[in-house]
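Enquirer: Below is one structure. I have some questions about it.
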Amino acid sequence: MTVFGVRLPGMSSLILWGLLWELVGRSGFSFFVPPLSEVVTTLFAVIGTPAFLNALGQTAYAFFMGVLAAIVIGIPVGIMMGKNRLLDELLLPWVNIFLSAPLTALVPVLMVLFGFGMRAIIITTTLFAIWIIILNARAGVMQINRSLIDMARSFGATPLDAFFKVYCWAALPEILGGVRIGIIRAVKGVIIGQLLISIVGFGALFELYSNNFMMGHFWAVLIVLFAMAFTISELLAHLERRVSYYAAKR
Amino acid sequence: MPSAINRSLALKLLSIFIVFGAWEIAGHIPVSYAFPTFLDSMQALGRMAMDGTLFVAYGETLRPLVVGVAISAVLGIALGLWIGLSSWFDWLVSPIFIVMQAAPLAALIPLLVMVYGIGLTSKVFVVCIMAMPVIVLNTAGAVRNTPSSIIEMGRSFLGTRPDIILRIIIPSASPIIFSGLRLGVSAGFIGAILAELKITPTGVGDIITYSRSIADYPSMYAAIFSIILLAVLFLNLLELIEANLFEGNNRGYASD
Amino acid sequence: MAMPQTDENVVQAFEAKPENAVSARNITKTYDKVEALRDLSLDFPKGQLTSLLGPSGCGKTTLLKIIAGLLEPTSGEVEVNGHKVTGPGPDRAFVFQDFALLPWASVLRNVAFGLELRRVAKSEREGIAEKYIRDVGLSGFEKNFPHELSGGMRQRVGLARALAVDSDVLLMDEPFSAVDEQTRRKFQEDLLGLIQHENKTFIFVTHSIEEAVYVSDQVAILLPRPSRVSEIIRPSSFRNKGVSNIRRDPEYLDIVDRIWASLRSYVE
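Residue numbers (the numbering used here), protein chains in the order written: chain A, 21 to 270; chain B, 935 to 1190; chain C, 62 to 329.
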């Protein structure tokens, strides 16, 4: 978008929306929409409180453990599926099913199996992230140029060498793409888990604020959460672009 | 290659057998007091289907889903087309959907409940906020990525702007718009179930919550199994329709 | 090619000073300070084929798109049959390098698409399209879709679409560059037939020296950075010797050599 020959940066219209929010808030249109300035003031007040830091810490812990599990299990499974046809045919239908299935429905099962706590949330997070990571790692291995593998073999690479020096690198752009989407899904998963289990982290915080009609607090936490999610996704997209510079040239 | 098809079918059956078999065995050990066997769960499913509770429940569950997806589809495609065709509208509106796409929108549910109560409206809203971003962004991206050569072709053969939009850009974008709709439905399922579990237990969410509270685990597992099965079958059906409807639409650009 | 030989000679003698169908005057085109074309002037005689030949980056496609009205020149103007070009018009039809077929439309609809955009009634435009589908040798493929055709057949669809709107000027942007060598030769032969049959003016962009010399009445050699016409060559003697003899003709070989000599220093 250019105005009078000046290119407006991509996300700059959010400032306009922020202004609109402020105006709507000040007009007293709805009790549920306090002015943005009030929300921001609350945000700075809330951000240092033990309640907030506690929620953030718990969420971050569940998130990192969940993502870590998804990556550590997902990538090797995906690579093995890409290399072994039998394994691929046995697992692929299930991976595809869980990729599109409404995993929210499984949360009650996780709750009764693993208790109303951190463990169930971590597993929810993993379940949200892992399938796309598997699928992309598999796709990455499968698209490796045949002649690249022949090259490695003709120059006498051992299978182990070929795996670490060729497969991993050649599949890297796809693997990272999968990890990026997986992490974005994990953010949603961790919040859904917390909302349904709702005695830990932001889930508990949202419950508290909404039961007491603390609108400023509610919006403030929401903004922090959305901003963090967006930052994570942009950061990963940026990293992916830097690493997969060679993906287009194969 | 009929033998290849047979092999793949046999492996699929084998894989289903292994997983359900493992479920059955795990239920017999049992790994947890809350882990019924596969056969018990299927029995519960059969019982609920026979006495009709399952169908009543689905009637309840699918209503916000259908209404929400319909609203998201109409509004989302319209917004997406506008974003794709107009650079100022793109600048103004797409950041909101980009943020929505990355953000855990489920966190809005407590707010929606406060504003709209615990009725159908809130549930429809949950489905909409889950389904809308992917529909909007897919549509806009598809419109933006229309191959420039066929647009130039339309111009050089004297197509007017409405002609080019209706006869070139929209048909060319429709496969990606459709797959956006499919992803929207998939997200809508998540939203509908989340709404029933979080807001008020109705429909399938009620079966899940109620049978958990009375420790009738086979029924709980059966309900979860059925909703996942339904979602997967429906999404596969959409994928099948997609493949048939747009057969060759994505090929044929290549200049080989 | 049913036209009697004598008539043709008469026509050629008559057109000693041919009338121009298209003339480009002082065309300059700059993209963000990069000069693609500078002060380029070139005439395209009526009823003849003019090739724009040059190394990549010499602006030949840019010039063609300016003539088509798809791009606007920074300065200068193009006239087609005495009228200034302000945008695409019914007097010109374009054949695209990547065919630009609608993948969701049958061959018949693709060929009739130009007429569809001109609001010609369905039965009428399909009748016209069928004729041109026959002319380019695709009878029987009317109901097929582009992805079911080979590259060469796809370009025949593109050609039929351009012929169907019956424009005076046919603009061809490297039309044969995406088809294999044998198909390409057949296309070139068919093109010569087409030039004689249809009383149209052809403007033909190519990067193949042999192709340009083979099909052209006039070859304009463009040199890059900034683009200018360095030379205009008019093969004279081999045009009427029959399609199969051209490639052995001494003049043909001479011209090919001469062009290569002037272009070789621009190949990196």
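The beta carbon of each residue, even a glycine, is placed where N, CA and C say it ideally should be. Just so it is clear, the structure is predicted and the values come from calculations on it, not from any experiment.
Taking the alpha-carbon positions, what's the L1131/B to L39/A distance?
Expert: 35 Å
Enquirer: State the CB to CB distance for the pair P970/B and Y1151/B, rounded to an integer number of angstroms; the pair is presumed to be in contact (CB under 8 Å).
Expert: 5 Å
Enquirer: Write down every uninterrupted run of the alpha helix (DSSP H) in the stretch 190-250 of chain C whose length is 4 residues or greater and which is fully enclosed by it, in chain order.
Expert: 212-225
Enquirer: Contact criterion: CB-CB distance below 8 Å. Does D159/C meet it with respect to chain B?
Expert: yes
Enquirer: Give the interface partners of G175/C over in chain B, defined as CB-CB distance under 8 Å, in chain order.
Expert: F1091 and L1092
Enquirer: Does any residue of chain C have a CB that is nearer than 8 Å to the CB of E1130/B?
Expert: For E1130/B, the answer is no, since every Cβ of chain C falls outside 8 Å of its Cβ.
Enquirer: Would you call V1027/B buried or exposed, if buried means 16 or more other Cβ atoms sit within 10 Å of its Cβ?
Expert: buried
Enquirer: So with CB distances below 9 Å, who are the chain B contacts of E227/A?
Expert: P1044
Enquirer: If we ignore side chains and look at the alpha-carbon of each, how far apart do G94/A and G102/A end up?
Expert: Here the alpha carbons of G102/A and G94/A stand approximately 12 Å from one another.
Enquirer: Taking the continuous alpha helix (DSSP H) assigned at S47/A, which residues delimit it?
Expert: Per DSSP, S47/A belongs to no alpha helix (DSSP H) and is neither H nor E.
Enquirer: So with CB distances below 8 Å, who are the chain B contacts of P151/C?
Expert: L1092
Enquirer: With respect to the beta strand (DSSP E) encompassing E140/C, which residues constitute its N-terminal and C-terminal limits?
Expert: S136 to V141
Enquirer: For I952/B, would you say it is in contact with chain C, using Cβ-to-Cβ distances shorter than 8 Å as the test?
Expert: no
Enquirer: Taking only beta carbons into account, state which residues of the stretch 1028-1054 of chain B come closer than 9 Å to chain A, listed in chain order.
Expert: S1028, P1029, I1030, I1032, V1033, M1034, Q1035, A1036, A1037, P1038, L1039, A1040, A1041, L1042, I1043, P1044, L1045, V1047, M1048 and V1049
Enquirer: Quick one: grab the DSSP three-state call for K90/C.
Expert: strand
Enquirer: Listed in chain order, which residues of the stretch 1077-1089 of chain B have Cβ atoms closer than 8 Å to some Cβ of chain C?
Expert: Flagged, chain order: P1081, S1083, I1084, E1086, M1087, G1088 and R1089.
Enquirer: Note down, in chain order, all residues in the stretch 164-197 of chain C with a beta-carbon under 9 Å from any beta-carbon belonging to chain B.
Expert: With the criterion set as a beta carbon lying under 9 Å from some beta carbon of chain B, the members of the stretch 164-197 of chain C are P164, W165, A166, F174, G175, L176, E177, L178 and R179, in sequence order.
Enquirer: Quick one: Cα of V880/B to Cα of G1010/B, how far?
Expert: Given that chain B is displayed from residue 935 to residue 1190, the structure contains no residue 880/B and the question cannot be resolved.
Enquirer: The beta strand (DSSP E) with L110/C in it runs from where to where?
Expert: First-last of the beta strand (DSSP E) with L110/C: L110 to L114.
Enquirer: Going along the chain, which residues of the stretch 131-156 of chain C sit with their C-beta nearer than 9 Å to a C-beta in chain B?
Expert: Flagged, chain order: L131, G148, P149, G150, P151, R153, A154 and F155.
Enquirer: Compare the Cα-Cα distances from F1159/B to each of A1149/B, S949/B and M976/B and report the closest residue.
Expert: Here the closest residue by C-alpha is M976/B.
Enquirer: In chain order, what residues of the same chain have a beta carbon less than 8 Å from the beta carbon of Q1035/B, not counting five sequence neighbours either side?
Expert: Excluding sequence neighbours, Q1035/B sits near P1067, V1068 and L1071.
Enquirer: From what residue to what residue does the beta strand (DSSP E) around V220/A run?
Expert: Segment: none, V220/A is in no beta strand (DSSP E) and carries neither H nor E.
Enquirer: Start and end of the beta strand (DSSP E) containing I282/C?
Expert: Q279 to L284
Enquirer: Could you pull the DSSP bridge partners for K145/C from this structure?
Expert: Per DSSP, the beta bridge partners of K145/C are E140/C.
Enquirer: So the candidates are I959/B, I1133/B and G993/B; which of them puts its Cα closest to the Cα of V1060/B?
Expert: I1133/B
Enquirer: Do A191/A and A157/A have their beta-carbon atoms positioned less than 8 Å apart in this structure?
Expert: Yes. Within cutoff.
Enquirer: Return the residue from the list A223/C, G148/C, D229/C and L124/C that minimises the CA-CA distance to R170/C.
Expert: A223/C
Enquirer: Can you tell me which of A239/C, D234/C and V226/C puts its alpha carbon nearest to the alpha carbon of R186/C?
Expert: For R186/C, the closest C-alpha among the options A239/C, D234/C and V226/C is that of V226/C.
Enquirer: Who are L103/C's beta bridge partners in DSSP?
Expert: A85/C
Enquirer: Taking just the CA atoms, how far does P1109/B sit from I1175/B?
Expert: 11 Å
Enquirer: For the stretch 240-252 of chain C and the stretch 79-96 of chain C, state whether three or more C-beta atom pairs, one from each stretch, are separated by less than 8 Å.
Expert: no
Enquirer: Give every residue of the same chain whose Cβ lies closer than 7 Å to the Cβ of K269/A, excluding the five residues on either side of it in the sequence, and list them in chain order.
Expert: Because the pLDDT at K269/A is just 47, under 50, the model does not fix this residue reliably, and the value given afterwards should be weighed accordingly. Answer for K269/A: no residue qualifies.
Enquirer: Can you confirm whether V226/C, when its beta carbon is compared against all beta carbons of chain B, has any partner nearer than 8 Å?
Expert: yes
Enquirer: Can you confirm whether A129/C, when its beta carbon is compared against all beta carbons of chain B, has any partner nearer than 8 Å?
Expert: yes
Enquirer: Tell me which residues share the same chain as K164/A and place their Cβ nearer than 7 Å to its Cβ, disregarding the 5 neighbours each side in the sequence.
Expert: Looking at the sequence shown, residue 164/A is not Lys but Ile. Residues of the same chain with a CB within less than 7 Å of the CB of I164/A, apart from the 5 flanking positions on each side, are Y187, A190 and A191 in chain order.
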